Every structure is written in structure tokens, then in C-alpha cells.
Amino acid sequence: MLRRMAVVAPVRVKPDLTRRSYWASQCRRHKVPYQPRFLKYGLKGMCSVARMIEGFPVRFRMYVSDRMVVACSNYHRHRALDKEAWVVQIIQADCWTRYLCEEIGDFTTDWLVLRDGRVVMIAGGPAHTKDGGAGSCCFVPGQVSGIAMENRN
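Using our numbering, you'd call the opening residue of the sequence shown number 2 and step up by one each time.
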């Protein structure tokens, strides 16, 4: 994870990519909805506020490379999602992630779909590589591109 950040993140950002305070300040600055508190209590905490399918919250991971959103994945690879059913939320997560692309080279953001259909960012972190970094979710490791709502592994 640290090796990947050393390659792609600007020097002033490198130590911050894993800190919630960094993401909180970036989200405030760009008016991106950020609610890391939903991660605090794990799955149980998310279940009380999120749309649920097969016992798991609907979550997406957005992948950014060279300041461009390049991919979106269903976070829970063991459970497929219908892309057409979630297109509005995927577009919302994509748009919000683009606001954060200005200052950070490569990174990922994790999004939770709330019961009312809105999306909120719950985490941000380093980019994905086949050698490490953020998990590939439904993508084959090292082949992150497009939209994957079911496991490609």
C-alpha cells in the first residue's frame, strides 16, 4: 500500500491518504457528502442506515487513476448487483469522486447507498495495483476498468 502511494500521490498528500481527517477536509472543501461514522460500528452500523440486499449494505468502490475515474465496482463481490437498478447511485458516486480528483493522483473512494437512495462517501484510500493497495472488489486484480457489479475473478 505505501509503495503504491509513494509512486502516484503528490508529496504533500502521501502521508494523508489513509487518514480520515484528510478525507474529511477534502470532502468539506468540495462539498462531498462524507460519513465515516458508518464504518465505526462495522456491518451492524451500516445496516441501520443503508439499503440492504441479501443481508449486506449496497456499497460501491470508485477507482481513480491519473485524476480520472476509471472504474466502479460493487464492494461485496460475493453478491451480484444489477447495474441498471443502481445506475443513479453509480453516477452520484462518480460525480462526487470527480470533485476530489483535482489534488490527488490515484486513489479509491468507498460509497454507501442510504435507505433513501442517496450515496455518502464512507472511506477513501490508496489506489489499487496488482501488487497491493486497495482491493479489487469484483475486478480481477490489476485489471480495474469499467463497471463491475458481479465477481469477475
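No residue lacks a Cβ here, since even glycine has one placed at the ideal position from N, Cα and C.
Treat the numbers as computed from the prediction; the structure is a model and nothing was measured.
Comparing C-alpha positions only, which one of Q93, Y23, K45, F61 sits nearest to L82?
F61
Count the other CB atoms within 10 Å of the CB of V33; is the residue buried (16 or more) or exposed (fewer)?
buried
So what's C73 in DSSP terms, helix, strand or just coil?
strand
Contact set for Y77: own chain, Cβ-Cβ below 7 Å, skip 5 residues either direction
The identity of residue 77 in the sequence shown is His, whereas the question assumes Tyr. Contacts found: F57, R60.
Among K45, M69, T130, which one has its Cα closest to the Cα of T98?
M69
When burial is assigned at 16 or more other CB atoms within 10 Å of the CB, is C139 buried or exposed?
buried
Sequence-distant residues of its chain with Cβ nearer than 6 Å to Q93 (five each side left out):
V120
Which runs of the alpha helix (DSSP H) fall wholly inside the segment 19-103 and span at least 4 residues, in chain order?
21-31, 38-41, 43-48, 88-101
Can you give the Cα-Cα distance for W87 and Q144, rounded to whole angstroms?
22 Å
How big is the Cα-Cα spacing for T130 and N154?
15 Å
Grab the span of the beta strand (DSSP E) containing M122 for me, first residue to last.
120-126
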